[in-house]
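According to full-length UniProt numbering, the sequence shown is numbered sequentially starting from 1. Even glycine gets a Cβ: it sits at the ideal position worked out from N, Cα and C. What you are looking at is a predicted structure, and each value in this text was computed from that prediction instead of being measured. Working notes for the structure below.
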Amino acid sequence: MKLDNNKHSVFLLHYHLVLVVKYRRQVFDDEISNYAKDIFERIGLSYNITIEDWNHDKDHVHVMFKAHPNSELSKFLNAYKSASSRLIKRDFPIIRNKLWKEMFWTRSFCLITTGGASIETIKQYIEKQGRK
């Protein structure tokens, strides 16, 4: 396992993010998904966030990404959702037929931490510390 680091810490922070299109409108295809992914990558650079995996269905996207401990995830998500909404609707005018208001994404999102070990394994490891 390769860990990330900065001056004062060593870490490996993976997240699974699900973003859903407003009203669950089925607007995603490969072209729009790739465009949204590119925006994610560009904005993510400013927040020390890098994509590990990306996929889409017609009405939502799944992203696995890595972040640093100092990454401000809520600020990043707000910046991404705002910019991608504006840019996707600007550059793909066909979407305006299905989403006529400003918002492209729902207000909510699902963000889950991920890791190589289960929570139960980590609990057992912590409980065994200091015992010989």
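Just mark LEU45 as buried or exposed, buried being the case when its beta carbon has 16 or more other beta carbons within 10 Å. exposed
For GLU31, which option in ASP53, MET1, VAL20, LYS58 has the closest C-alpha, if you only look at C-alpha atoms? LYS58
For the beta strand (DSSP E) containing ALA67, name the first residue and the last one. 60 to 67
If we call anything under 8 Å between Cβ atoms a contact, is HIS68 one with ASP4? yes
When you compare only the Cα positions, how much space is there between LEU12 and LYS75? 20 Å
THR113, DSSP secondary structure in three states: strand
DSSP state of GLU52 mapped onto helix, strand, coil: strand
Can you tell me whether TYR23 is buried or exposed, with buried defined as 16 or more other CB within 10 angstroms of its CB? exposed
Looking only at C-alpha atoms, which of SER9, VAL63, ARG96 sits nearest to GLN26? ARG96
Does the Cβ-Cβ distance between PHE65 and ILE43 come in under 8 Å? no
Cβ neighbour criterion (16 or more within 10 Å) applied to VAL10: exposed
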